[in-house]
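Report on the structure given below.
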Amino acid sequence: MADEEDEGDEGPPGLPPGTPFYMTPAGHEALRAELRKLWDEERPKVVEIVSWAAGLGDRSENADYQYGKRRLRQIDSRVRFIRKRLERVQVVDPAAQTRRDQVFFGATVTYARLSDDAEVTITIVGVDEADSAAGRISWVAPVARALLGARVGDTRKLRTPAGAEEIEVVEIAYPAG
Numbered sequence: 007m008a009d010e011e012d013e014g015d016e017g018p019p020g021l022p023p024g025t026p027f028y029m030t031p032a033g034h035e036a037l038r039a040e041l042r043k044l045w046d047e048e049r050p051k052v053v054e055i056v057s058w059a060a061g062l063g064d065r066s067e068n069a070d071y072q073y074g075k076r077r078l079r080q081i082d083s084r085v086r087f088i089r090k091r092l093e094r095v096q097v098v099d100p101a102a103q104t105r106r107d108q109v110f111f112g113a114t115v116t117y118a119r120l121s122d123d124a125e126v127t128i129t130i131v132g133v134d135e136a137d138s139a140a141g142r143i144s145w146v147a148p149v150a151r152a153l154l155g156a157r158v159g160d161t162r163k164l165r166t167p168a169g170a171e172e173i174e175v176v177e178i179a180y181p182a183g
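Counting in this note's numbering, the sequence shown runs from 7 upward without gaps.
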């Protein structure tokens, strides 16, 4: 958990410290909801269990006490991380994007790999919102960085572990504003 907490002090991976944490309004609300749930619901329950278990006597062999203390440390670490993140987050509403002909944060982009003509659709989101299985990639991911600023029909070079690959922007969409 210490790594997670330390990460809250730096910028997104691969970028200089101090780089903002961009996030969509939905991602921002999800992070705030997680903080509320941890602080207002889960932590008080665990504190109650630890207090009860501490009153039973020998704490060294009390599994409820040991687990509860460990869980409290995890919750407190995550709460610190989220609070630090929320202090530095910059919420960007993709629905408010006026230049919808270019790829920017929050865009849903369909691109074709020129090597096999396979089409891939991704949405560019904040670091904490990324979920590759759902097609939501971080704005600092190599494919997102290659696509940022592109227009439909533009071809970009994407560097992958297997080597450089050409991709072409097929479609750009933003949520309705």
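Using N, Cα and C, we set each Cβ at its ideal position, and we do this for glycine too.
Applying the 10 Å Cβ sphere with the 16-neighbour rule, what's the burial state of GLY24? Looking up residue 24 in the sequence shown gives position 18. Counting Cβ neighbours within 10 Å, GLY24 comes out exposed, since fewer than 16 surround it.
Distance CB(VAL52)-CB(ARG84) smaller than 7 angstroms: Here residue 52 is taken as the residue at index 46 of the sequence shown, counted from 1. Here residue 84 is taken as the residue at index 78 of the sequence shown, counted from 1. It is not a contact, given that the beta carbons lie outside the stated cut-off.
Cutting at 7 angstroms between CB atoms, please list the residues of its own chain near LEU37, excluding the five before and the five after it. For the purposes of this step, residue 37 is taken as residue 31 along the sequence shown, with counting starting at 1. Cβ within range, chain order: ILE88, ARG91, LEU92 and ASP134.
Tell me, to the nearest whole angstrom, how far the beta carbon of VAL109 is from that of VAL56; I am working on the premise that it is less than 8 angstroms. Here residue 109 is taken as the residue at index 103 of the sequence shown, counted from 1. Here residue 56 is taken as the residue at index 50 of the sequence shown, counted from 1. No, VAL109 and VAL56 are not in contact; Cβ-Cβ is about 49 angstroms, not under 8 angstroms.
Can you name, in chain order, every residue of its own chain whose Cβ lies under 6 angstroms from the Cβ of GLU13, other than the five neighbours on each side? Taking the first residue of the sequence shown as position 1, residue 13 is located at position 7. Confidence in GLU13 is poor, its pLDDT being 46 and thus under 50, which makes the residue's placement unreliable; the coordinate value appears in the next sentence. Nothing meets the Cβ criterion.
Closest to PHE27 by CA distance: which of ALA179, TYR180 and VAL98 is it? For the purposes of this step, residue 27 is taken as the residue at position 21 of the sequence shown. PHE27 has its Cα closest to that of VAL98, out of ALA179, TYR180 and VAL98.
Please tell me whether GLY112 and MET29 are closer than 7 angstroms, where the distance is taken between their beta carbons. For the purposes of this step, residue 112 is taken as residue 106 along the sequence shown, with counting starting at 1. For the purposes of this step, residue 29 is taken as residue 23 along the sequence shown, with counting starting at 1. Cβ atoms of GLY112 and MET29: not closer than 7 angstroms.
Quick one: Cα of LEU120 to Cα of ILE143, how far? On the sequence shown, residue 120 is found 114 positions in, with the first residue counted as 1. On the sequence shown, residue 143 is found 137 positions in, with the first residue counted as 1. One C-alpha to the other measures close to 20 angstroms.
Going by C-alpha to C-alpha distance, which of GLU47, LYS75, LEU44 and ASP46 sits closest to ALA59? For the purposes of this step, residue 59 is identified with residue 53 of the sequence shown, where counting begins at 1. ALA59 has its Cα closest to that of LYS75, out of GLU47, LYS75, LEU44 and ASP46.
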